[in-house]
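Numbering (our numbering), first residue to last: 23 to 164. The beta-carbon is built from N, C-alpha and C at its ideal position, and this holds for glycine as well. Only a predicted model underlies this, so the values are computations on that prediction, with no experimental measurement involved.
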Ligand SMILES: [Zn+2]
């Protein structure tokens, strides 16, 4: 589970619940919002119940504490990822905008050229007709 990393990296806060795994005696630190929840031990993986500290009532928490904690952790991770993605996206958008501008320029150039080419074709066609007429005329003269 992802909680392992958080438990090991985070320094112990006054609100944290510190207890030992009943299976392997590994010292565990969890956020108070996980009180009463079943979590896997970060050491042995056994599903253990987080003790509820004295004076704390599960009902004090406005919603399922496990769900809330998971959501908070997930939201935090997503924010970090979203920030990185947004930064990359920002760079990508600048890159793409430049590329689109390049494409537009190239397209305009091609369009201008094709118009010129169309004119050239028309001129050439007209010229061929004139030449054909001239040839016909000379044929008649023969
Ligand atoms: Zn354990």
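- Looking from the CA of residue 74, the closest CA among 66, 51, 65, 64 belongs to 51.
- Between ligand 1 and the CB of residue 60, the shortest heavy atom gap is not smaller than 8 Å.
- Between residue 56 and residue 102, the alpha-carbon positions lie close to 23 Å from each other.
- The set of residues whose C-beta lies within less than 6 Å of a heavy atom of ligand 1 reads, in chain order, 43, 45, 46, 48, 63, 65, 66, 68.
- Residue burial annotation: residue 72 is buried, with at least 16 other C-beta atoms found within 10 angstroms of its C-beta.
- In this model, residue 115 and residue 130 are separated by some 22 Å (Cα to Cα).
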